[in-house]
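*Asks:* I'd like to ask you about the structure that follows.
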Amino acid sequence: MNNKNNQISEEELAEKLLIEDVCADFEKRQTQRRSFETQWALNMNFLIGNQFCNVSPAGELSTIEKHYNWQHHDVYNHIAPIIERRLSKLQRVRPVINVFPASGDDRDVKTAKVTKKIINSVYNKNDMTKTIAEVTQWSEICGTGFYKIIWNSGKGMKVAKTEFGKEVKSGDVDIIPISPFEIFPESSSITDISNSRSLIHARAYHVDEIKNQWGVDIKGCDVNVFTLDKCFTLGYVEKSASIQSTRSNYAIVIERYEAPSIKFPNGRLVIVCEDKLLFVGELPYINGTDGSRVFPFVRQVSLSQPGCFWGLSIIQRLIPLQRTFNAIKNRKHEFLNRLSMGVLTVEDGSVDLDELEDEGLKPGKVLVYRNGANPPKYMQNDSIPFNFTTEEEAILEEFASLSGVSDFSSNNYLTKNLSGVALELLIEQDESKIVTTSESIKDAIKEIAKQTLRLYKQFVKIPKLTKIIGDNGEMEIFYFTSSDITTDDIVFETKDEAGETFSQRRNMVFELLNAGLFSDENGKISNRMKTKILDMIGFGVWENTQDLEELHIARAGKENLMFLNLQSSNILPIDDHKIHINEHTAFVLGGEIENLSEKDAIIQNLLKHIEEHKKRI
53 MNNKNNQISE EELAEKLLIE DVCADFEKRQ TQRRSFETQW ALNMNFLIGN
103 QFCNVSPAGE LSTIEKHYNW QHHDVYNHIA PIIERRLSKL QRVRPVINVF
153 PASGDDRDVK TAKVTKKIIN SVYNKNDMTK TIAEVTQWSE ICGTGFYKII
203 WNSGKGMKVA KTEFGKEVKS GDVDIIPISP FEIFPESSSI TDISNSRSLI
253 HARAYHVDEI KNQWGVDIKG CDVNVFTLDK CFTLGYVEKS ASIQSTRSNY
303 AIVIERYEAP SIKFPNGRLV IVCEDKLLFV GELPYINGTD GSRVFPFVRQ
353 VSLSQPGCFW GLSIIQRLIP LQRTFNAIKN RKHEFLNRLS MGVLTVEDGS
403 VDLDELEDEG LKPGKVLVYR NGANPPKYMQ NDSIPFNFTT EEEAILEEFA
453 SLSGVSDFSS NNYLTKNLSG VALELLIEQD ESKIVTTSES IKDAIKEIAK
503 QTLRLYKQFV KIPKLTKIIG DNGEMEIFYF TSSDITTDDI VFETKDEAGE
553 TFSQRRNMVF ELLNAGLFSD ENGKISNRMK TKILDMIGFG VWENTQDLEE
603 LHIARAGKEN LMFLNLQSSN ILPIDDHKIH INEHTAFVLG GEIENLSEKD
653 AIIQNLLKHI EEHKKRI
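Printed below as a string of structure tokens:
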């Protein structure tokens with residue numbers, strides 16, 4: 053009995069030591085990263101227009117007060133529109149994952165097709181357009197943003213019920229946007245997540261959410277967290293130099309991810325909240341190459357810094373310019389006030405100064421001054437120095453140069469006698485300045501796709517039903533299992549539209565159409581090619597609802613898939629038999645069923661089906 057009691061106390065002691073170690077490690081990383089957090093807070097303040105703030109010698113944000121009450125202390129925010137223009141351009145960077153088979157083998161071809169469908173389905177369900185936009189906001193403001201890719205057992209279709217009546221779902225992938233304030237690497241000098249031996253993700257949760265997720269009661273408190281909400285609230289500017297918001301009845305949950313080592317071959321995940329151990333075990337996801345376990349995070353940066361984990365925000369380069377611009381504009385307005393209102397010189401004791409200060413020299417005023425004294429007069433002021441204007445224009449040009457974005461109309465490019473080729477070159481140069489940022493977005497999306505497929509390969513053991521909706525509005529439903537996914541044999545490529553607008557693509561289609569590249573040897577355009585052309589210029593959904601030929605082609609394709617699964621398909625009286633014969637024949641000759649074990653049965657069923665179509669003709 054004593055041995056058992058000793059064993060329990062040893063376990064409790066080990067648990068207590070582990071909690072203390074994680075909490076101490078978290079506080080240490082907080083201290084090491086404090087300077088970066090201060091810079092991010094400064095960036096956020098300048099973005100929303102609270103630009104009279106600075107970092108004190110103690111490393112904290114402080115407000116810069118006016119030296120005299122008559123000084124102008126106005127803000128002329130050029131950082132906000134620059135970031136808005138950059139985000140608008142980066143909004144077009146929505147990479148499309150193209151999955152190519154590793155070889156010409158039929159199984160690799162089928163795997164590539166299934167893989168692309170899975171990725172499209174996951175991206176639609178997770179609303180990746182919104183997720184990428186949120187992470188891109190963080191990376192543009194703070195320099196770095198993160199994605200967290202996890203398996204959520206609470207998502208998916210209902211598959212069963214427990215004896216207590218609780219629903220059991222199939223589970224699905226969750227892709228969560230994460231702010232840089234929640235991520236704590238082992239060291240800020242590590243250049244990538246894959247090089248870190250451990251990583252902490254700390255997030256504020258409501259105590260009810262902690263109870264639901266981990267089954268532990270935690271006493272909540274007021275927690276200050278950084279959020280984007282206040283940054284983009286219209287008409288609101290924080291009065292202090294801090295953008296912290298307080299959430300009541302919250303607690304900070306610390307998740308420490310440890311990379312695989314000799315002691316922990318599959319790595320370790322420790323989750324702690326206050327003095328409670330919520331979870332300890334191996335890394336839950338086989339999401340690395342060759343069946344390895346890695347951290348479920350993907351990093352995205354605006355501009356990379358050599359030898360640094362954290363990216364660089366363009367706001368950091370613009371802050372000195374913004375301060376100088378505000379100072380010039382304020383001094384300029386003070387000079388204009390002196391010119392318009394003037395500065396009076398008054399002999400001591402010659403007039404009633406209190407009355408003169410209150411009313412000034414208003415028109416029609418009767419000014420009484422002491423006999424023999426000099427009357428008040430205005431000092432002679434020069435006009436505004438030309439240097440004010442030249443410096444202001446130079447700073448505006450430097451804003452465009454440093455930020456990587458420019459407004460051609462405001463810079464009078466369009467009013468000059470420039471040719472169309474010259475204007476296109478200017479636009480291309482302007483777009484090339486954000487290539488580094490767009491490449492970081494594409495790399496992040498590729499890594500998310502890989503980790504997503506590996507999670508499906510790990511968790512989908514029974515056939516999973518999913519659906520995708522294409523650009524033409526057609527919904528496709530399909531089943532897949534983990535055996536249909538072989539991620540290590542798949543090549544990912546991405547394409548984006550950052551430097552290509554819809555009008556440019558449409559003009560390119562018209563040029564190819566005029567060149568005759570869409571016509572056959574007789575100079576005619578087939579109905580199917582017409583459908584594709586209309587789809588490329590933005591009328592795909594409308595045309596597909598009208599084009600019967602395209603509908604017949606789609607029906608024949610679905611029949612081919614049914615024969616591939618050894619299912620039969622009935623011929624309808626309304627079928628276009630010539631189109632069906634062509635599509636079925638192409639499917640037999642295409643080689644997709646060449647190496648299947650049921651090859652002979654599939655071909656025989658298809659030949660019978662084709663013969664039936666011929667009889668109907």
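Position in the sequence shown (from 1) plus 52 gives the number in my numbering. Ideal Cβ placement from N, Cα and C applies to all residues, glycine included. As the structure is a prediction and not an experimental result, all values here were calculated from the model.
Do you know offhand how far K672's Cα is from S354's?
*Replies:* In the structure displayed, the chain extends from 53 to 669; residue 672 sits before or after that span and is not available.
*Asks:* Assuming P133 is part of the alpha helix (DSSP H), what are its boundary residues?
*Replies:* For the purposes of this step, residue 133 is taken as residue 81 along the sequence shown, with counting starting at 1. That run of the alpha helix (DSSP H) goes 131-142.
*Asks:* Across the stretch 324-335 and the stretch 223-237, are there enough close Cβ pairs to call them in contact, namely three or more that are closer than 8 angstroms?
*Replies:* no
*Asks:* Within this structure, are the beta carbons of A653 and L618 separated by less than 9 angstroms?
*Replies:* Here residue 653 is taken as the residue at index 601 of the sequence shown, counted from 1. Here residue 618 is taken as the residue at index 566 of the sequence shown, counted from 1. Yes, Cβ-Cβ distance for A653 and L618 is below 9 angstroms.
*Asks:* At the level of alpha carbons, what is the spacing between L507 and T341?
*Replies:* In the sequence shown, residue 507 corresponds to position 455, counting from 1. In the sequence shown, residue 341 corresponds to position 289, counting from 1. Their Cα atoms are separated by approximately 12 angstroms.
*Asks:* Within a Cβ cutoff of 7 angstroms, which residues of the same chain sit near N33, ignoring the five residues on either side of it in sequence?
*Replies:* Nothing about residue 33 can be read from this structure; the chain reaches only from 53 to 669.
*Asks:* Sorted by chain position, which residues of the same chain lie with C-beta nearer than 6 angstroms to R558's C-beta, five sequence neighbours on each side aside?
*Replies:* Here residue 558 corresponds to residue number 506 of the sequence shown, with the count starting at 1. Within the same chain, R558 has close Cβ partners I589.
*Asks:* Quick one: residues in its chain with C-beta nearer than 7 angstroms to the C-beta of E219, no 5 flanking neighbours on either side, listed in chain order?
*Replies:* Counting from 1 along the sequence shown, the entry for residue 219 is found at position 167. Here the set comprises K210, K213.
*Asks:* Cα separation between E89 and E64?
*Replies:* Residue numbering aside, residue 89 sits at position 37 when the sequence shown is read from its first letter. Residue numbering aside, residue 64 sits at position 12 when the sequence shown is read from its first letter. Distance between the alpha carbons of E89 and E64 is about 35 angstroms.
*Asks:* State the Cα-Cα distance for the pair N389 and Q123, rounded to the nearest angstrom.
*Replies:* Residue mapping note: residue 389 aligns to position 337 of the sequence shown, counting from 1. Residue mapping note: residue 123 aligns to position 71 of the sequence shown, counting from 1. Whole-angstrom Cα-Cα distance: 11 angstroms.
*Asks:* Report yes if the C-beta distance between I493 and Q352 is below 9 angstroms; otherwise report no.
*Replies:* The count along the sequence shown starts at 1 and reaches residue 493 at position 441. The count along the sequence shown starts at 1 and reaches residue 352 at position 300. A contact, by the Cβ cut-off of 9 angstroms.
*Asks:* For the alpha helix (DSSP H) containing S490, list its first residue and its last residue.
*Replies:* Locating residue 490 in the sequence shown gives position 438, where the first residue counts as 1. Looking at the DSSP string, the run of the alpha helix (DSSP H) that includes S490 is 487-511.
*Asks:* Please classify I636: is it buried, with 16 or more other beta-carbons within 10 angstroms of its beta-carbon, or exposed?
*Replies:* Locating residue 636 in the sequence shown gives position 584, counting from the first residue. Here residue 636 is His; the residue named in the question, Ile, does not match the sequence. With 16 or more other Cβ atoms within 10 Å, it is buried.
*Asks:* In its own chain, which residues sit with a C-beta less than 8 angstroms from the C-beta of V655, not counting the 5 before and 5 after it?
*Replies:* Sequence index remark: in the sequence shown, residue 655 carries index 603 (1-based). One point to set straight first is that residue 655 is Ile, not Val, in the sequence displayed. Cβ within range, chain order: V640, I645.
*Asks:* Apply the 10 Å Cβ neighbour rule to G206 and answer buried if 16 or more other Cβ atoms are within range, or exposed otherwise.
*Replies:* Locating residue 206 in the sequence shown gives position 154, where the first residue counts as 1. Exposed: under 16 other Cβ atoms inside 10 Å.
*Asks:* Rounded to a whole number of angstroms, what is the C-alpha to C-alpha distance between T488 and S620?
*Replies:* What you label residue 488 is simply residue 436 of the sequence shown in a count that begins at 1. What you label residue 620 is simply residue 568 of the sequence shown in a count that begins at 1. Their Cα atoms are separated by approximately 52 angstroms.
*Asks:* Please state if the CB of Y257 and the CB of V305 are separated by a distance shorter than 9 angstroms.
*Replies:* Looking up residue 305 in the sequence shown gives position 253. Looking up residue 257 in the sequence shown gives position 205. In contact: V305 and Y257 (Cβ atoms closer than 9 angstroms).
*Asks:* In this structure, how does DSSP classify Q352 when only helix, strand and coil are distinguished?
*Replies:* Here the question's residue 352 lines up with position 300 in the sequence shown. Q352: strand per DSSP, three-state reduction.
*Asks:* Report, in whole angstroms, the separation of the C-beta atoms of R668 and H629, which I expect to be a contact under 8 angstroms.
*Replies:* Along the sequence shown, one-based indexing puts residue 668 at 616. Along the sequence shown, one-based indexing puts residue 629 at 577. Contact flag correct, Cβ pair sits at about 5 angstroms.
*Asks:* Check the DSSP bridge columns for I230 and list the partner residues they point to.
*Replies:* As a working note, residue 230 is residue 178 in the sequence shown. Answer is F198.
*Asks:* What residue does the alpha helix (DSSP H) around S87 start on, and which one ends it?
*Replies:* For the purposes of this step, residue 87 is taken as residue 35 along the sequence shown, with counting starting at 1. Start and end: 86-100.
*Asks:* Looking at the secondary structure, which residues open and close the beta strand (DSSP E) in which V324 lies?
*Replies:* Position 272 of the sequence shown, counted from the first residue, corresponds to residue 324. Here the beta strand (DSSP E) through V324 covers 320-325.
*Asks:* So who's on the other strand from S250, going by DSSP bridges?
*Replies:* By one-based count along the sequence shown, residue 250 stands at place 198. Bridge partners of S250 according to DSSP: E310.
*Asks:* Cβ of Y302 within 9 angstroms of Cβ of I500?
*Replies:* Along the sequence shown, one-based indexing puts residue 302 at 250. Along the sequence shown, one-based indexing puts residue 500 at 448. No, the Cβ-Cβ distance between Y302 and I500 is not below 9 angstroms.
*Asks:* Using only the alpha-carbon positions, how far apart do I135 and K485 sit?
*Replies:* Here the question's residue 135 lines up with position 83 in the sequence shown. Here the question's residue 485 lines up with position 433 in the sequence shown. Cα to Cα, I135 sits roughly 14 angstroms from K485.
*Asks:* How big is the Cα-Cα spacing for N612 and L505?
*Replies:* What you label residue 612 is simply residue 560 of the sequence shown in a count that begins at 1. What you label residue 505 is simply residue 453 of the sequence shown in a count that begins at 1. Roughly 26 angstroms separates the two Cα atoms.
*Asks:* Roughly how many angstroms separate the alpha carbons of I252 and A379, rounded to a whole number?
*Replies:* As a position in the sequence shown, residue 252 is number 200, starting the count at 1. As a position in the sequence shown, residue 379 is number 327, starting the count at 1. For I252 and A379, the distance between alpha carbons rounds to 41 angstroms.
*Asks:* How is the alpha helix (DSSP H) around K610 delimited, first residue to last?
*Replies:* One-based indexing of the sequence shown puts residue 610 at position 558. 600-616 is the extent of the alpha helix (DSSP H) around K610.
*Asks:* Considering only the alpha carbon of each residue, which of G195, L564, F615, V457 lies closest to S140?
*Replies:* To locate residue 140, count along the sequence shown from 1; it is residue 88. Comparing Cα positions, the closest option is V457.
*Asks:* Taking 9 angstroms as the CB-CB cut-off, is N176 touching chain D?
*Replies:* Of the chains in the structure shown, none is chain D; there is only one protein chain.
*Asks:* For I662, I'd like the list of residues in its chain whose CB is within less than 6 angstroms of its CB, leaving aside the five on either flank, ordered along the chain.
*Replies:* By 1-based counting over the sequence shown, the position of residue 662 is 610. Within the same chain, I662 has close Cβ partners I633, H636.
*Asks:* Can W362 and S240 be called in contact, C-beta distance under 9 angstroms?
*Replies:* Taking the sequence shown and counting its residues from 1, one reaches residue 362 at position 310. Taking the sequence shown and counting its residues from 1, one reaches residue 240 at position 188. In this structure, W362 sits near S240, with a CB-CB distance shorter than 9 angstroms.
*Asks:* Take the Cβ of R81 as the centre, count every other Cβ of all protein chains shown within 10 Å, and call the residue buried at 16 or more, exposed below.
*Replies:* Walking along the sequence shown from the start, residue 81 turns up at place 29. So R81 ends up on the buried side.
*Asks:* Buried or exposed: which applies to L274, given that a residue is buried once 16 or more other Cβ atoms fall within 10 Å of its Cβ?
*Replies:* To locate residue 274, count along the sequence shown from 1; it is residue 222. Note that residue 274 corresponds to Asp in the displayed sequence, not to Leu. Exposed, because fewer than 16 other Cβ atoms sit within 10 Å of the Cβ of D274.
*Asks:* DSSP beta-bridge partners for T333?
*Replies:* Start at 1 with the first residue of the sequence shown, and residue 333 comes out as number 281. What sits at residue 333 in the sequence shown is Gly, not Thr. DSSP lists L321 as partners of G333.
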